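First the structure, in the form of structure tokens, and then the observations on it.
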Amino acid sequence: MPNALFGGFDISASAMSAERLRMTVAAENLANANSTNRLANGLPYARQRVIFRTELDQAGQQTGVVQTQVVASPRYEQRSDPGHPDADANGMVTSADIDPILEMVDLMTASKSYDANANASRGLLRMHESALRLGDISG
């Protein structure tokens, strides 16, 4: 059972870790948006996305956010460019179907969520400090 006094910190920390991973994946997607280089599987980079789930204790109370998996989207775009070094025998170039605007929105959303969880942690810290000062005064 998680410590009730610090449970809020644990939840905020796990959410911040999850959002950091989401920002990393979105940045990686942006970096590979126009990549046509083929990987070991014979296909170019595929857009990644992170799937999370909420962690609950036995009483059904939230105890954190857990990253379940980073999955690749199997969607690709093809365009005709016979002179391209990564073109196939038919002159078609395959690249990941990555929308830079969607990735930027995901990056900004994850950043704002990270900040919100950091602010929640700071608020919890201030509440704990105030409670300690109250206990010190009345003792």
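In this text, residue positions in the sequence shown follow my numbering: the first is -1, and each later residue adds one.
A virtual CB, placed ideally from N, CA and C, is assigned to each residue, including glycine.
Since the structure is predicted, the reported quantities are computational estimates derived from the model, not experimental observations.
Span separating the alpha-carbon of residue i from that of residue j
i    : j    : result
N117 : R47  : 26 Å
A57  : P72  : 38 Å
A70  : S33  : 15 Å
S78  : I9   : 49 Å
D97  : M21  : 15 Å
N30  : A114 : 28 Å
G89  : E53  : 48 Å
Q67  : R120 : 29 Å
A25  : L105 : 7 Å
I49  : R131 : 41 Å
R36  : T92  : 9 Å
Cβ-based burial, residue i [other Cβ within 10 Å; buried from 16]
i     : result
M(-1) : Because M(-1) sits at a pLDDT of 44, beneath the cut-off of 50, its placement in the model cannot be relied upon, and the point is left open.
I99   : exposed
M14   : buried
E127  : exposed
P42   : buried
R18   : exposed
V64   : exposed
V23   : buried
A38   : exposed
A94   : buried
N27   : buried
R45   : buried
E101  : buried
A16   : buried
D55   : exposed
Which residues DSSP lists as bridging residue i, in chain order
i    : result
S142 : Within the shown structure, residues of the chain are numbered from -1 to 137, placing residue 142 beyond reach of any answer.
V69  : R47
A94  : Y74
Starting from the N-terminal side, write out each stretch of the alpha helix (DSSP H) that is 4 residues or longer and does not extend beyond the stretch 2 to 64.
-> 5 to 29
Taking one C-beta from the stretch 109 to 123 and one from the stretch 81 to 99 each time, how about it: are there three or more such pairs within less than 8 Å?
-> no
What are the uninterrupted segments assigned as beta strand (DSSP E) that are 3 or more residues long and contained completely in the stretch 79 to 125, given in chain order?
-> 90 to 94
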